[in-house]
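Report on the structure given below.
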Amino acid sequence: MPIGFQHLREIDLPNAGDLEDGYADAVEYVHRIVAIHGLHENPITAWIEPESGVLWLRDLVPLHIPKARILCFGYEAAPSFYDDDRIVEKIQSLATTLVADLEGDRSLENCERRPIIFVCHGLGGVVVKKALAHSASSTSSLVAHLNDIFISTFAILFFGTPHDNINIANWLLLESLNASQVGSRRIKHSQSTPRVKSLSLQTITNQFAPLMKKFHTFFFWEGMPTDFGEYVDFFVDQHSAAPGIYDAPKCAIVGATHSQMIKLTELSPSYRTVLSALKRYCRMAPTIILHRWKEADSAIARARVNEAQELTDFRFSLPDKITDLSAGEPSREETRNQYFFTRMLHSDNYIGRTAAYKKIRDAFLSTNISFSMQGQKRFVVHGIAGSGKSQLCTNFAYDNRERYWAVFTIDATSSRLAAESYSVIGKLGGLEGTESSGKYFLSQAREPWLLIIDNADSPDIDLPKLFPPGNRGHILVTTRNRDFQDFGNAGSIELGGLEEEEALYLLLRSARISTPWDISIETAGNEITKTLGYLALAVKQAGTAISQKLCNLTEYLGFYQYYRRKRQRGLAGFNKIHAKIGSSCQQEDIYSAFDLSFEYLERKQTVESQDAIEILNIVSFYHFRNIRVDIFERALKNRQASAAPSTFREAIGRRLQPPRLLPRFLRQGFADTEPLYVKAVLRELYTCSLINYEEGDRSFYLHALVHTWARDRIHPSQRKLWAHIALNTLMEAVTLPSDKGEEIDTQPPREIIPHLDECLAASPVKVELFSSRLGRLGVLGANLILPTMSYILRGQAVTAAKCGYLYAESGRFGQSAHLLSMVRDLTVQTLGYNNETTQKAMLFLADILWGLGQLTSCITVQSQVVEARKKHFGASHRETVQAMAKLGHSFWLNGQYAESLRLLEDTARTSSDALGPEDLDTLIALDYLGVTLGSWQRYEESKSLHERVLNARKHILGDANLETLTTMSNLAMALLDLEQREQAWRIMHQVYEMRKEKLGKEHPYTLWALCYLSKVHAELGKLEEAEDMLVGGIAAGKRSLGDEHLGVLMGCGELARVYARQGRLDEAEELTISTLRRVKASRGSEHYDYIYGMWKLGQLYELQGKPDSALDAYQIAFENTETRLTQEHPFSKQIKTRIISLEQTLHD
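Residue numbers (the UniProt record's numbering): 1 to 1148.
Following this line, the structure appears as structure tokens:
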């Protein structure tokens, strides 16, 4: 197989120097299109369509991009070569070679600054990502020439590239078979299970993630699975080949397997899509890459001025794939926007509001003052519901998106949803998913950004608290609350009805009445719009009703007045609400228009229309935004799975179950219903303009007023019923984690939680417990006599468990604990402590209590599980050992070191004998024991245990596994206690860097590692470095975890000790006292952390020459050792010795 570069097409190009001056005349030049093949492929034949012999990169692309030079790169592609844990290391070697060879080729041709576009297949895309990460880091003077590749790369086309892991098993099978027999046969159904052997590529993906925004990317996935004879399977599935997290174009190569997807001809279904992307990138690349090089040259020049010595390890900030915002309009090619997230889609059909649009634009974009000097500008758009506020702001954001580096939207319907919106921004910025992280990310951004705070209607909303801190950014607020206009320091505007001509145009176009419009049509239209108060939403709804042939233009007012009189007479009086959005007249105008459209659905009397009405009832109890279609598709799929053929006992049990409250399409005939039916039903609502789609057709939303009307039109006596049906439907879409550790296919918690909140507000989960004097015997009797009641209770418990699980996954541990406590109570009462289901529920609850810091309650629950499992399984059973290890670790965290030591010594011994000395559960117990031994100042034993566990975990799990990193961290602290500081630093530095790479720089575990690393720095005397780490880490911890979290308090304590070593004793005292106050409030005065803090405060007082205060601190510390730590602990004895010594000194 050819190795290295081969030229598929050469072309004479002017020298780079010639191009620099006349770049605008050479916008079609692209120095390199570089093709890199995948596994088990040849660098040439991989791209050739076998029947025609066409190599599309060589034979077809030049016809459309005549001035492109095209190369391919070959490398060792045998799958067996990569079948080991060193796959990332081997890819690193390939990437280094690719960068060096490409740079050498460009240098010899004297065209180092020409744009590069990569075309990658399979593993070739992973090699390119690693190569660009390598090039980006090559900034020191000795290797700066390699940085040229990173600067010059404009776009990457990924064909079937795995972005998370690679299933090497399929490749190994392909290697063992005759390639001609694989992939070319007809796909046939097989019962064999595909082979799986996954190798992680997450390290490379994480390294490349910060660079993604620098390049234009296009993701393609294989349209057909490959036939392996025994089974059919995708080499790289869609989720891995085109991750949803990347905001970039994505497309399937229709009708092609993994191998066939890059063998294109002019007749291939996806060829034009690929060619269009290449042409677009070739047109845009030269201008933008030239600008990048100018920025790079300028940065190097500044560095030379600032440094009077040779450049070493110099880094400059490479501009992203778009150029900087200038005072004028950017060119079409100079797109700057990197983030664009709006709640609604841009509408080309938006009517009117020209004056309002201009006022917003003048307020934000008319000045020539730079963004950083403008200060934070806020503009408030207020007005009645249905006036088009949100759409106006969305259109402004879309039209001017190239003026902003980022556009984000905050859902201000409630404070909680606003916090959720900010948490998403925080994650996009590489921080933790918290509200404060999102605000911090925006406050630190130097590029122009626009924030839309949408639907800030509630009087409970504290609007100023939703503004990011700092003095940057443009903010648009939409609200029905007129009082909020005072917060618009750049202006405000009120939206009411449309102008008469605008309203007429919207009506007739929505009604699909063709032009030209005669005087009779305009007269009838004007009568309708005037009656509707020129309100955009009502006018559009009227037009939709007319377009659906419910009535014609001249008949509409008659129908409308009928529904208005019906509402006023009180026949539909239960629908009425007390409007907070304007006059009741305006509200009834809009409501009556909705009633008329709803009547159309009812009169159709089709199955789809009736199901559409039921779904409308259901979503009225969800949040009105981001209602994903697959909620209903998953619910249908899960219902079908639950009705699959079963045992005789299960069939009898199913007959005893009461009918579940669900919509018709999940109750009747659902076994044969296709998931596509859901979209057919939703189309009924879309046709009537009652819903609108977002994200293509993957999710939909209701206008806030439609949402309110939909719920209010349900009779009050039926609302609780429909709220319960809505909750049940949502729960049918959720699957609890499997005991077998299988990956669950459930809705992302952040997207489903707003709907769950709405459902539970209208229909809280209740678990009815039995009340019987006979206790559990009475429960068993009731189960025999009233089996249906048992199924009802089981259903309630499952619902509570699913809700608790979703809240736990989204970090809302308080709600989760409440719901899981109900599950625990019911399972204990009905099944007893010894039941496996009860124990699982209790352990799940214990984990949540642990997360909440409620260690006393957690320990109580875990102790009950340990006792139950000992009785049921025996002391040496795996599940008993697991529960004992967790309990022992909780004892340690709660400062109960004696209990922790006794239990973990017993657990480690039992587990080693029963499961083996290197069993993963044994290693967990040993690692916990090592930590506890350290707390007893048995440092050598602690170190020995951690070394033993580390060697085993590296062998079994690998060096980068999170459990391995935990043991490394524990070992580093044991070494520090033994004053082996340099070795402790090396290990702890490695842990910090790897956690930062794998988890993110503000993940709690990363921050914990940072705190430990700063502790090592302090012991090494590097106090300034330690201070810098702790100050930044504490700020990040507060954003991610809150001020009172144990990790934040631990960091504050370490910072106080650094201050003391720097001689900043007053600052150290102030910080120590405030930290101790919070530790006492959250952990209690008997906790080890409080005792240790008081010990350190006493030492600080001694440094300040305050022996009396020091003695008081030591005595408080010693008095609190009696309960948990015990006075037999070495630390208690150390405190006692110091008290005696200080008392003697004071007495003398």
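Just so it is clear, CB atoms sit at the ideal spot from N, CA and C, and this is done for glycine as well.
- Bounds of the alpha helix (DSSP H) holding Ala524 are 519-531.
- Looking at the DSSP output, Phe208 bridges to nothing.
- The Cβ-Cβ distance between Phe235 and Asn170 falls below 8 Å.
- Using a Cβ distance threshold of 8 Å, Val539 and Leu506 count as a contacting pair.
- Secondary structure of Gly795 (DSSP, three-state): helix.
- According to the DSSP secondary-structure assignment, Leu55 is paired through a beta bridge with Ile48.
- Within the same chain, Cβ atoms closer than 7 Å to the Cβ of Ala875 are found at Thr910, the five residues on either side in sequence being excluded.
- Listed as beta-bridge partners of Ser200 by DSSP are Asn165.
- Comparing C-alpha distances from Gly1042 to each of Glu940, Gly811, Leu1125, Tyr701 shows the shortest one belongs to Gly811.
- Excluding residues up to 5 positions away in sequence, Leu845, Ile848, Leu849, Leu852 lie with their Cβ nearer than 7 Å to the Cβ of Ala817 in the same chain.
- Excluding residues up to 5 positions away in sequence, Asn626, Arg628 lie with their Cβ nearer than 8 Å to the Cβ of Glu751 in the same chain.
- In chain order, Ala1068, Leu1100 place their CB closer than 6 Å to the CB of Ala1060, counting only its own chain and leaving out the 5 sequence neighbours on each side.
- Distance from the CA of Glu608 to the CA of Leu965, rounded to the nearest whole angstrom, comes to 55 Å.
- DSSP, reduced to helix, strand and coil, places Arg1138 within a helical segment of the structure shown.
- In the structure shown, the three-state DSSP call for Thr217 is strand.
- In the DSSP annotation of this structure, the continuous segment of the beta strand (DSSP E) that includes Ile156 starts and ends at 153-159.
- Counting only residues of its own chain and dropping the five nearest sequence neighbours on each side, Leu199 has a CB closer than 7 Å to the CB of Ile87, Asn165, Ile166, Ile168.
- Listed in chain order, the beta strand (DSSP E) runs fully inside the stretch 404-463 are 406-411, 449-454, counting runs of at least 3 residues.
- Within its own chain, the residues whose Cβ lies closer than 6 Å to the Cβ of Val949, once the five positions on either side in sequence are excluded, are Leu923, Leu926, Asp927, Thr967, listed in chain order.
- Between the stretch 86-105 and the stretch 48-60 there are fewer than three C-beta pairs closer than 8 Å, too few to call the two in contact.
- Within the same chain, and ignoring the five residues on either side of His623 in sequence, the residues whose Cβ sits closer than 6 Å to its Cβ are Pro754, His755, Glu758.
- Note on geometry: alpha-carbon atoms of Glu500 and Gly388 lie some 16 Å from one another.
- In the three-state DSSP reduction, Tyr1092 falls in the helix class (H, G or I).
- Shown here, Asp83 sits in coil according to DSSP, grouped into three states, outside any helix or strand.
- DSSP, read as helix, strand or coil, puts Phe364 in helix.
- Counting every other CB atom within 10 Å of its CB across the protein chains shown gives Gly125 a total of 16 or more, marking it as buried.
- For the pair Leu476 and Phe379, the CB atoms are nearer than the 8 Å cut-off.
- Cβ contact annotation for Ala418 (same chain, cutoff 7 Å, sequence separation greater than five): Ile410, Asp411, Ala412, Leu466, in chain order.
- Annotation for Asp85: Gly958 place their beta carbon closer than 7 Å to its own, counting only its chain and skipping 5 residues before and after.
- For Glu867, the closest of Tyr600, Asn400, Ala883 by C-alpha to C-alpha distance is Ala883.
- The beta carbons of Leu157 and Val119 sit closer together than 8 Å.
- Rounded to whole angstroms, the separation of the alpha carbons of Asp247 and Asp237 is 18 Å.
- A distance below 6 Å between beta-carbons, with the five flanking residues on each side excluded, links Gly804 to the following residues of its chain, in chain order: Ser816, Leu819, Leu820.
- Cβ neighbours of Gln862 within its own chain (closer than 7 Å, five residues either side excluded): Ala846, Ala883, Lys886, Leu887, Ser890.
- Note that the C-beta distance between His946 and Asn970 is below 8 Å.
- A Cβ-Cβ distance of about 7 Å is found for the pair Glu602 and Ile613, placing them in contact under the 8 Å criterion.
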